[in-house]
Each structure stands twice: as C-alpha cells, then as structure tokens.
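For the protein sequence lines, the chains are L and Y, in the order given.
Residue numbering for the first sequence is 1 to 493, as defined by the numbering used here.
Residue numbering for the second sequence is 494 to 986, as defined by the numbering used here.
Cβ atoms here follow ideal geometry from the backbone N, Cα and C, with glycine treated the same way.
Shown next, in structure tokens, is the structure this report addresses.
Number of protein chains: 2
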Amino acid sequence: MPHMADAPHLYEQLAADIAGAITRGALRAGERLPSVRRLSEQRGVSVATVLTAYLALENQGLIETRPKSGHFVRVRRASALLGPTEPRSRAGAPARVTVGTGVAALLAAMRDPAIVPLGAATLSPELLPIAALNRMMAAICKEMSTAGASYDAPPGLPTLRRQLARRAVTWGAELGEADFITTVGAMEALHIALRATTRPGDAIAVESPTYFGVLQLIEEMGLRAIEIPVHPVSGLDLDALDEALRTQRPRAILCVPNLHNPLATVMSDDAKQRLWRLGQRHDVPIIEDDIHGDLMHDGTRPRPLKAFDRDGRVLLCGSVSKTLAPGYRVGWLAAGRYQDAAERLKFSQSVATPTLPQMAVAEFLASGGYDRHLRRLRRQLSAQVARMREAVAHSFPPGTRVSAPAGGFVLWLELPAGCDALAIQARALEHGVAVAPGPIFSARGRFGSCLRLSCGFPWSPRLQAAVDTLGALAAAEAGRIGPGGRSRPGAAN
Amino acid sequence: MPHMADAPHLYEQLAADIAGAITRGALRAGERLPSVRRLSEQRGVSVATVLTAYLALENQGLIETRPKSGHFVRVRRASALLGPTEPRSRAGAPARVTVGTGVAALLAAMRDPAIVPLGAATLSPELLPIAALNRMMAAICKEMSTAGASYDAPPGLPTLRRQLARRAVTWGAELGEADFITTVGAMEALHIALRATTRPGDAIAVESPTYFGVLQLIEEMGLRAIEIPVHPVSGLDLDALDEALRTQRPRAILCVPNLHNPLATVMSDDAKQRLWRLGQRHDVPIIEDDIHGDLMHDGTRPRPLKAFDRDGRVLLCGSVSKTLAPGYRVGWLAAGRYQDAAERLKFSQSVATPTLPQMAVAEFLASGGYDRHLRRLRRQLSAQVARMREAVAHSFPPGTRVSAPAGGFVLWLELPAGCDALAIQARALEHGVAVAPGPIFSARGRFGSCLRLSCGFPWSPRLQAAVDTLGALAAAEAGRIGPGGRSRPGAAN
Chain L
1 MPHMADAPHL YEQLAADIAG AITRGALRAG ERLPSVRRLS EQRGVSVATV
51 LTAYLALENQ GLIETRPKSG HFVRVRRASA LLGPTEPRSR AGAPARVTVG
101 TGVAALLAAM RDPAIVPLGA ATLSPELLPI AALNRMMAAI CKEMSTAGAS
151 YDAPPGLPTL RRQLARRAVT WGAELGEADF ITTVGAMEAL HIALRATTRP
201 GDAIAVESPT YFGVLQLIEE MGLRAIEIPV HPVSGLDLDA LDEALRTQRP
251 RAILCVPNLH NPLATVMSDD AKQRLWRLGQ RHDVPIIEDD IHGDLMHDGT
301 RPRPLKAFDR DGRVLLCGSV SKTLAPGYRV GWLAAGRYQD AAERLKFSQS
351 VATPTLPQMA VAEFLASGGY DRHLRRLRRQ LSAQVARMRE AVAHSFPPGT
401 RVSAPAGGFV LWLELPAGCD ALAIQARALE HGVAVAPGPI FSARGRFGSC
451 LRLSCGFPWS PRLQAAVDTL GALAAAEAGR IGPGGRSRPG AAN
Chain Y
494 MPHMADAPHL YEQLAADIAG AITRGALRAG ERLPSVRRLS EQRGVSVATV
544 LTAYLALENQ GLIETRPKSG HFVRVRRASA LLGPTEPRSR AGAPARVTVG
594 TGVAALLAAM RDPAIVPLGA ATLSPELLPI AALNRMMAAI CKEMSTAGAS
644 YDAPPGLPTL RRQLARRAVT WGAELGEADF ITTVGAMEAL HIALRATTRP
694 GDAIAVESPT YFGVLQLIEE MGLRAIEIPV HPVSGLDLDA LDEALRTQRP
744 RAILCVPNLH NPLATVMSDD AKQRLWRLGQ RHDVPIIEDD IHGDLMHDGT
794 RPRPLKAFDR DGRVLLCGSV SKTLAPGYRV GWLAAGRYQD AAERLKFSQS
844 VATPTLPQMA VAEFLASGGY DRHLRRLRRQ LSAQVARMRE AVAHSFPPGT
894 RVSAPAGGFV LWLELPAGCD ALAIQARALE HGVAVAPGPI FSARGRFGSC
944 LRLSCGFPWS PRLQAAVDTL GALAAAEAGR IGPGGRSRPG AAN
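Below, the structure written as structure tokens:
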C-alpha cells in the first residue's frame with residue numbers, strides 16, 4: 001500500500017477554522033481572539049496546540065500578538081474588503097469572442113518559473129499528493145507490463161469510470177459507470193460537450209465573467225457568446241438567463257454552478273433546480289463545469305447541477321486537475337442524452353485517453369487517499385485565500401473591492417473605476433509578476449478594471465512582494481485617474 | 494538502465510528477407526529456394542540458422558518442404574494476387590461526409606477481445622516494447638516525485654521535442670525543438686492542424702480511399718471532402734489534385750505520402766516535391782500524416798513531405814501509436830507557419846499533453862532502443878503481411894485483388910465487382926471477425942466491394958480461421974452476383 005498524505009495536525013485544523021472565520025467576517029479586524037487557555041478548554045486540545053495555531057496564523061499575517069493583551073485579528077484598511085459590485089441584470093447581445101492577447105501573455109508567463117504565479121489558476125506542487133500518485137503509477141507500470149499497449153477506446157477505462165460513479169454518490173448525483181466518458185482533462189470534456197450540442201455560428205449563453213479558456217474555445221469554434229451576469233453572492237443571474245433564452249435563443253448554456261471561476265460563487269440547490277427547469281422549458285442543453293466542486297473551504301460538497309437533471313440535458317464536465325494532478329490530464333464527461341455523440345467525438349478528436357494516468361487516478365480514488373487529501377487541501381487553500389485577501393487589503397488602493405470565496409483558490413478584485421487592468425498586467429509582467437486581467441474573462445472586454453489573483457501557492461515573502469507590486473501599480477493607476485475619479489457604478493460589468 | 498528488446502536472431506533476419514522477396518514477387522509461387530547449404534554459404538550463416546529460418550517460413554505458410562526435393566515458395570491461386578485497380582484519374586466534387594455506421598461497428602468490435610481483430614489497425618501488444626517502456630515510466634515516476642504536478646503547457650515537454658528534432662535528422666527534415674508541439678496522439682495533431690487551416694464549410698482535398706478516422710473528423714468539423722484518387726503504386730494522383738486545386742479551390746490538402754492508409758503506397762521524392770509545389774502555386778497548406786513512416790519493411794525511411802517544405806506550408810503530424818505504445822497517446826505536430834495558432838488551439842482543446850507519458854517516450858527515444866525495436870518490428874510486420882496475403886490468396890474467390898504493401902500492416906482487397914463489403918462486415922461480425930469495409934474509407938461511400946485487413950497480429954490458427962471465414966463470405970457474395978457477374982472496371986473507385 002503506497003504511503004498516503006498524513007492526517008492533518010490538530011493545530012492546522014484549528015488555524016484553518018479561525019482563518020475561515022476571519023474570511024467570512026465572523027471574526028472581525030481588531031477583534032480579540034479567545035485566550036490560549038480558554039480556546040484550549042473549548043476545543044479540548046492542548047495549550048501547545050493553540051499556541052502553535054496562533055503562531056501559524058501570525059505567520060500568515062492574519063492575526064497579531066499584542067504584548068500583555070493577547071491575540072487580535074489584524075486590522076485591515078476599512079475600505080478594502082468590500083464585495084464585488086452587483087451586475088446590471090441583463091444579458092448582452094451575442095458577441096464574437098476575442099480574448100487572445102491577454103491570454104497569450106498569461107500562458108507565456110505560465111511557462112516561466114521566474115515569474116510569480118498569480119495569473120493562471122495553478123496549485124503549488126507541494127499541495128498535491130503527487131508523490132503518492134506517482135508511486136502508484138510506478139507500481140502499476142511494473143505490475144502491468146502490457147498496460148498502454150492498446151488504445152483504451154471511448155468511453156475509457158472501466159475501473160476509473162467505476163470510481164467516478166462511486167464518487168458521484170457523494171455528490172448526490174445518480175451516475176453509473178456507463179454514464180462517463182474519460183477525457184484529457186476537463187477542457188477536452190468541455191470541447192466535446194460544445195461540439196456535441198452546437199454548430200459553428202450558434203450563440204451560447206455563458207457567465208460573465210467566465211474562465212478565459214472557455215471563451216477562447218468558443219472563439220476558435222466560431223461560436224458566439226451571450227454573456228449572462230453573475231451575481232457576486234448568488235451566482236448566475238437566472239432572470240437575465242431567462243430573458244436571454246426567450247429573446248436570443250442560445251443553442252446551449254455553459255456554466256459553473258459550483259465555485260464559479262473567477263467569482264467563486266456557489267448556486268443554491270433551489271437556483272440549480274430553477275436553472276435546470278429553464279433549460280427544460282426552452283429545450284436547451286446545459287454544459288456544467290464542475291472542476292472546483294470538491295474545493296469548498298468548509299468541507300461541504302455542493303451538488304452538481306447534474307444531480308437535478310431529469311432528462312439528460314446536463315453535460316457534466318470534471319477533472320482531477322484542480323485537486324490531484326494537472327499534468328496527468330485525467331478528466332471526464334457525463335453527457336446524458338449526448339453520450340453516443342460524445343463518444344464518437346472523443347474518438348475522432350484524440351482516439352483515447354492515455355491509459356496509465358487513468359489507472360493511477362482510479363487506484364488513488366479507490367484507496368481512500370483522495371478524501372484525506374481533500375480535507376487537507378481545503379484547509380490549506382482556505383488559509384492561502386485568507387492571507388491573500390489580507391495582503392490585498394493592505395496593498396491595494398482604497399475603493400478596491402474583493403470577493404470572499406467560499407472555496408477554490410482565486411480572488412476577484414475590482415479596482416477603482418477607470419483603472420486599466422490590461423495595463424497593470426503588462427507592467428506587472430515587467431516586474432516579474434503574472435496576473436489575470438479582467439477583460440480576458442469577457443467576450444466583450446468587460447471588467448476592464450478587474451483582476452483575478454490565483455492563491456494556489458503557500459504564502460511567502462515572494463508572494464507578499466508581488467502583491468505589494470500589484471498594489472502599487474493599481475494605486476498608480478488610481479492616482480492617474482485622480483482621487484475624485486469618475487465614479488461609475490457597474491463599470492466593472 | 495532498463496532492459497531493452499533483444500537484437501534479432503540471425504534466422505529472423507533471414508526469414509524476413511525471404512518473406513520480403515516473396516511479397517515483392519522476386520521469389521515466385523512454386524519456385525525452388527536455394528538449398529540449405531548454398532544459402533548458408535551465400536549469407537555466411539550456419540546451416541542451423543538457415544534451417545530455422547525455413548522452418549519459420551513454413552510455419553508462416555509462405556514456403557513448403559517437398560521430401561527429397563527441397564524448399565519451395567507455396568503455390569498460390571493464380572488469380573488471387575492481382576494488384577488493386579487503377580483509379581479514375583479525376584477528383585470528385587466536394588461531399589459532405591458520413592461514414593458513421595461502418596465506423597461505429599468497427600469501434601464496438603475493437604473493445605471486444607473475443608472478436609478477431611482484422612478491423613482496426615492495431616498491433617499485438619507482444620510486438621511492442623511496452624514492458625521496457627513501462628519500466629522506464631516506473632523509474633521516472635519514482636525518481637521525479639513532482640512530475641505531473643503542473644500543466645506541461647504547449648508546445649510541450651522540451652526533452653521530448655529535443656528527441657523529435659534529433660529523429661527528424663534521420664527523416665531528412667530540418668526541424669528544431671521549437672518546431673514541434675506535442676499532442677495526444679496523431680489524431681489530436683490532425684484535428685489541430687485542420688482547425689488551424691480551415692473553417693467550417695470549407696472544402697479540403699483528401700485521398701480516396703483514406704483513413705476513416707480522418708473522414709469522421711472532417712464530417713464532425715462541418716468540412717467537405719474533395720476526394721483525390723490514389724494510384725495503387727505511385728500514391729496520390731497529382732494530376733487529379735492539380736485539377737481540383739484549379740477548379741474547386743480546396744482550403745487545405747490532407748494526405749499520407751508515406752505508407753498511405755489503406756493502400757500502403759509511398760510517394761517518390763519527385764512526387765513529394767511536385768506535391769509541395771502544387772501547394773505553393775495555389776497557396777494551400779498541406780497537412781501530412783506520417784504515422785507509418787518508420788514502418789517500411791525493407792528498413793528504409795522515406796522522407797516526409799515536410800522535408801521538401803520551403804515556406805512552412807506543411808503541417809507534419811506523427812505519433813508513436815503505430816510503433817511503440819498506442820495507449821500512451823504521445824504524438825506531435827510540426828505546424829510550420831501555423832505554429833502559433835496551433836499552440837493556442839492545443840491549449841484550448843486539451844490544455845496540455847500528459848507529462849509522464851511524454852517523459853517515458855522521450856527517454857525511450859534517447860536510449861537508442863527505438864531503432865533496435867523498429868528493426869525487429871519491421872521484420873515481423875513484413876512476415877505477417879506476407880502471411881496474410883498468402884491466406885487471402887488461398888481463401889478468397891478468384892478475381893480478388895490485393896495490395897502489395899512495402900510497409901505498415903494493412904492489406905487492401907478488391908473483391909469481384911458487385912460484392913457488398915458492408916454486408917460482409919456485418920456477417921463477419923456475426924462470426925466473431927472484425928474487418929474494415931471499403932465504404933468507410935470514402936466520403937462518398939466508394940469502394941463498396943473493398944475490404945481492409947489489419948495484419949497487426951502474429952499468424953495463428955485463429956487468424957487463419959478468420960480469413961477462411963471472410964473468404965467464404967466473399968465467395969458467397971461473389972456467387973450471389975454470379976460467375977459472369979457484372980464486370981465493371983473501376984467499380985472499386
């Protein structure tokens with residue numbers, strides 16, 4: 001049995017809980033934390049555990065120790081932690097998509113290890129159980145001397161599909177082994193789902209903002225995007241979607257109900273129910289990207305939209321790229337009534353998914369190590385996101401708004417109206433810092449004064465310096481506009 | 494250093510040489526082979542080696558021993574080994590493509606190990622050095638504990654691209670590391686190449702017949718196919734292509750200059766030169782599928798069209814799926830002037846190629862084991878193809894024509910005019926035998942009386958029985974048509 005990631009230390013759990021409370025606002029800036037003795041009694045842990053947790057939080061910059069007074073939540077600039085503004089509640093007309101330039105800069109930065117990685121949403125390798133996974137892979141390669149000698153033709157490796165069906169139970173979705181097709185990551189699944197449901201020239205409804213990779217794909221497929229606003233708390237604006245379905249007749253809906261990228265919103269079960277009904281009423285398929293569904297900071301697992309699907313119109317796309325091993329490229333598609341078409345498309349697109357990575361991931365899922373790893377990863381991401389929010393609050397100019405993610409590892413920033421995010425991206429790159437500028441998250445170049453920051457790496461002086469740099473660049477932009485600068489409500493949309 | 498495939502035995506080399514001579518017709522049916530002693534002297538090998546080679550050839554059914562007389566090339570039916578007919582030398586009008594049904598049956602058969610695999614062009618695992626490759630992979634997984642933890646963003650793994658550049662020298666093509674993008678097999682490379690050069694609705698020139706997977710891809714991409722005939726000896730009909738370029742203005746050309754699938758033709762260097770000039774004159778990109786280029790039975794390595802490319806209009810696609818490990822899904826694209834667009838498409842299509850399989854293939858190529866393996870594989874395929882031709886000659890009805898492949902591992906059969914290949918495919922499946930029917934190799938359902946047989950597995954009684962079955966089904970079809978059946982020259986086109 002390969003060695004698995006260790007169970008978390010008690011102090012880590014405690015520190016993560018407190019970090020979460022700070023992020024949620026349950027503990028406010030300047031508030032005094034319980035004394036070490038009292039917390040030790042409350043939680044039934046040793047004094048040493050509490051002290052170690054407080055030390056960890058202090059190192060993360062979330063709390064501070066005042067001599068003779070105790071521990072306090074660090075004071076943040078009062079202005080800094082406003083939530084993102086609400087969107088105008090209407091969909092835009094279909095737009096041809098062009099997000100190329102900002103994306104190209106982001107990808108170039110991704111390949112350069114000298115650049116601080118706040119741009120692409122990637123995780124630090126040290127957060128992933130990749131060593132354990134690679135050991136499983138090594139054992140499989142040794143034992144299965146002919147594995148990889150044949151095409152693992154669609155729908156893909158049965159043992160992996162069995163594990164996915166098993167996990168689907170924990171999602172609250174009834175999916176069997178035969179409902180899955182394995183793919184080269186979630187992007188191939190999304191590509192196949194779009195090919196199965198649309199034709200070039202079709203309009204499809206997407207969230208606004210949304211992941212730039214999806215917009216790039218839409219652009220390259222000759223599709224047009226109808227942008228549906230995302231509310232910073234409740235997620236996809238269903239009234240706006242309803243209107244778009246009635247007036248613009250998109251051929252499909254593509255959305256991220258769980259931990260939306262970049263806003264990290266999670267739609268309620270009621271909203272998912274309504275979303276599915278909208279699809280049904282207008283007879284439109286819904287492509288669901290669920291890659292962050294396992295990353296809620298509080299350890300819950302929101303149901304995918306697919307769990308509410310009564311007639312096979314939801315095409316669920318997922319992968320282990322945000323939780324286990326991006327470089328393994330193991331993803332899946334549960335395409336409902338489009339399953340046969342999707343299998344054919346998978347075959348002509350890449351014939352088969354690589355066999356050995358599927359085998360290793362299947363074994364990892366079967367081992368139980370995945371849930372243990374997820375518990376640890378969620379805590380770490382929670383702390384990293386909280387730390388990044390703190391740093392943003394300290395370094396960015398007044399009036400900056402920032403999302404309060406319930407999961408995942410990206411932050412969405414709205415800078416004071418008029419700040420040019422693309423200019424900041426370019427200047428930040430000159431300083432060796434990558435960041436994702438708002439306009440690449442929109443087919444119409446909206447979100448001109450927004451930034452997405454990835455929080456995939458443990459806090460470090462290097463990250464602190466990078467955020468300071470970004471804050472200074474943003475402040476310079478805000479200064480350029482002037483303190484009385486144009487106040488345009490909704491300018492970020 | 495992992496263990497590599499052994500060098501070939503002398504007798505294997507000798508048997509392969511003789512099998513090749515029989516296939517080429519240099520040794521004819523009924524002809525007497527040199528005496529054991531004489532051949533032993535001629536080749537400078539032991540008598541035992543010659544005896545073992547003759548025994549191997551006898552077991553393969555290629556020669557027979559006549560007591561007191563010596564060894565003879567087995568007598569074949571005089572009628573059976575005609576080459577395929579020449580095509581009408583004109584391109585067809587562009588056609589929407591629909592090859593779905595025959596392909597679906599083929600894929601279903603591919604997943605069922607109980608079915609004799611004469612359909613899909615797959616190799617027996619025992620012919621592949623997969624155990625050695627898997628051992629390399631195991632070592633990499635152990636040593637590189639964080640490999641796979643990051644996306645290997647396009648253009649893909651530098652060590653693999655370096656090895657590809659090194660091999661390109663042996664192809665006679667000047668390609669550097671930066672000229673390659675790694676892909677999920679050659680099909681992803683072809684898909685990206687088509688996306689980079691065409692838009693839905695465009696017409697593209699393809700060979701007729703051609704690989705059904707490409708036709709399926711063209712169909713799903715909303716492209717139209719202009720079918721250019723392939724001459725059974727010289728390959729792509731360049732006069733017909735020239736005419737199509739002038740009159741039908743295809744947006745791209747997709748072809749297999751080396752070991753065409755299914756005809757196994759190899760274009761001469763002069764023809765490749767002319768093909769490139771045609772592309773240049775009409776300013777059309779040429780997508781080259783070179784997946785069989787390493788599989789010439791005589792050990793030569795024909796130059797890819799890319800070697801004649803002076804202005805970056807050739808997009809070379811290749812993989813190790815036909816030589817090393819189909820299930821590793823490691824391929825590549827050298828996209829010339831379309832390189833930037835291809836990198837972007839690769840990113841939005843599947844983000845990255847899986848890291849570890851690339852690492853293992855790179856190490857295998859660097860080890861020198863690949864060339865050693867290829868020498869052995871070519872001999873084995875040569876013998877398997879020769880054996881299959883023999884069996885076809887014995888089992889199929891008079892008037893059957895069969896290709897004489899210089900490499901690779903597929904045979905192309907033209908049954909007597911009027912025989913229904915799709916009906917034969919369906920009936921063969923009932924008997925547990927998969928075969929690829931001619932019409933799936935054409936966008937217009939041509940080649941209605943043709944079959945492609947895969948020779949990827951070592952000869953066995955099971956294969957013999959399968960060919961007997963196919964021959965009987967073909968004979969029944971021919972009988973249905975009647976002995977004086979319609980003689981339609983060119984019906985196979």
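- Message: Can you give me the C-alpha to C-alpha distance between F950 of chain Y and F447 of chain L, rounded to a whole angstrom?
- Response: 58 Å
- Query: On the three-pair Cβ rule with 8 Å, is the segment 677-697 of chain Y touching the segment 810-825 of chain Y?
  - Reply: yes
- Task: For S935 of chain Y, go through chain L and note every residue whose CB falls closer than 9 Å to its CB, in chain order.
- Result: Going along chain L, no residue has its Cβ under 9 Å from S935 of chain Y, so there is no contact; the nearest lies around 16 Å.
- Item | Residue range of the beta strand (DSSP E) that includes T740 of chain Y | No beta strand (DSSP E) contains T740 of chain Y, which is instead part of the alpha helix (DSSP H) from 731-741.
- Which one of L:G222, L:V206, L:P262 has the shortest CA to CA distance from R249 of chain L? L:V206
- Decide if Q339 of chain L is buried, meaning its Cβ has at least 16 other Cβ atoms within 10 Å, or exposed. buried
- Which residue from Y:G694, Y:D776, Y:F673, Y:M629 puts its Cα closest to that of V836 of chain Y? Correcting the residue identity first, residue 836 of chain Y is Glu in this sequence and not Val. The option with the nearest alpha carbon to E836 of chain Y is Y:F673.
- Message: With DSSP as the reference, identify every bridge partner of V402 of chain L, one or two as the case may be.
- Response: L:L413
- Query: If we ignore side chains and look at the alpha-carbon of each, how far apart do P117 of chain L and V435 of chain L end up?
  - Reply: 7 Å
- Message: Suppose only complete runs of 4+ residues qualify. What are the alpha helix (DSSP H) ranges in the segment 88-149 of chain L, listed by chain order?
- Response: 100-110, 130-143
- C-beta neighbour in chain L for P693 of chain Y, strict 8 Å: yes
- Query: Any idea what DSSP makes of D787 of chain Y, helix, strand or coil?
  - Reply: coil
- Query: Can you name the start and end residues of the beta strand (DSSP E) that H724 of chain Y belongs to?
  - Reply: 717-724
- Would you say Q42 of chain L faces chain C, with C-beta separation under 8 Å as the test? Looking at the structure shown, chain C is missing, and the protein chains on hand are L and Y.
- State buried or exposed for D864 of chain Y, treating a residue as buried only when at least 16 other CB atoms are found within 10 Å of its CB. exposed
- Message: Does chain L have any CB closer than 8 Å to the CB of M630 of chain Y?
- Response: yes
- Query: Mind listing which residues of the segment 176-187 of chain L have their C-beta closer than 9 Å to chain Y's C-betas, in chain order?
  - Reply: T183, V184, G185, A186, M187
- Task: Would you check if there are 3 or more beta carbon pairs closer than 8 Å linking the segment 642-658 of chain Y to the segment 683-697 of chain Y?
- Result: no
- Message: Quick check: is the beta carbon of C255 of chain L nearer than 8 Å to any beta carbon in chain Y?
- Response: no
- Message: Between G706 of chain Y and chain L, is any beta-carbon pair separated by less than 8 Å?
- Response: yes
- Message: Taking only three categories from DSSP, how would you classify D289 of chain L?
- Response: strand
- Message: Going by C-alpha to C-alpha distance, which of L:G408, L:G44, L:E58, L:M388 sits closest to T300 of chain L?
- Response: L:G408
- Which residues bound the alpha helix (DSSP H) around V543 of chain Y? 540-552
- Query: For R973 of chain Y, which residues of its own chain have a beta-carbon under 6 Å away from its beta-carbon, when the five flanking residues on both sides are left out?
  - Reply: none
- Task: Ignore the nearest five residues each way along the sequence and tell me which others in L238 of chain L's own chain have a CB closer than 7 Å to its CB.
- Result: A271, R274, L275, L278
- Query: Going by Cα to Cα distance, which pick from L:C455, L:A478, L:Q384, L:S442 is closest to D420 of chain L?
  - Reply: L:A478
- Looking only at DSSP bridge pairs, what is H71 of chain L linked to? L:T65
- Give, in chain order, every unbroken run of the alpha helix (DSSP H) that is at least 4 residues long and sits entirely within the segment 325-389 of chain L. 339-350, 355-367
- Message: I'd like to know whether the C-beta of I623 of chain Y is nearer than 8 Å to at least one C-beta of chain L.
- Response: yes
- Query: Taking the alpha-carbon positions, what's the G20 of chain L to C317 of chain L distance?
  - Reply: 28 Å
- Item | First and last residue of the uninterrupted beta strand (DSSP E) at V467 of chain L | Not the beta strand (DSSP E): V467 of chain L falls in the alpha helix (DSSP H), residues 461-481.
- By how many angstroms is the C-alpha of A607 of chain Y removed from the C-alpha of A138 of chain L? 30 Å
- Out of curiosity, what's the CA-to-CA distance linking L296 of chain L and G369 of chain L? A quick correction: the sequence has Met, not Leu, at residue 296 of chain L. Each residue's Cα considered, the two are about 18 Å apart.
- Alpha carbon to alpha carbon, what distance is there between M136 of chain L and T52 of chain L? 34 Å
- From the beta carbon of S841 of chain Y, is the nearest beta carbon of chain L less than 8 Å away? yes
- Any idea if L220 of chain L is buried or exposed, counting beta-carbon neighbours within 10 angstroms, 16 or more meaning buried? Strictly speaking, residue 220 of chain L in this sequence is Glu, with Leu absent from that position. The residue is buried, with at least 16 neighbouring Cβ atoms inside 10 Å.
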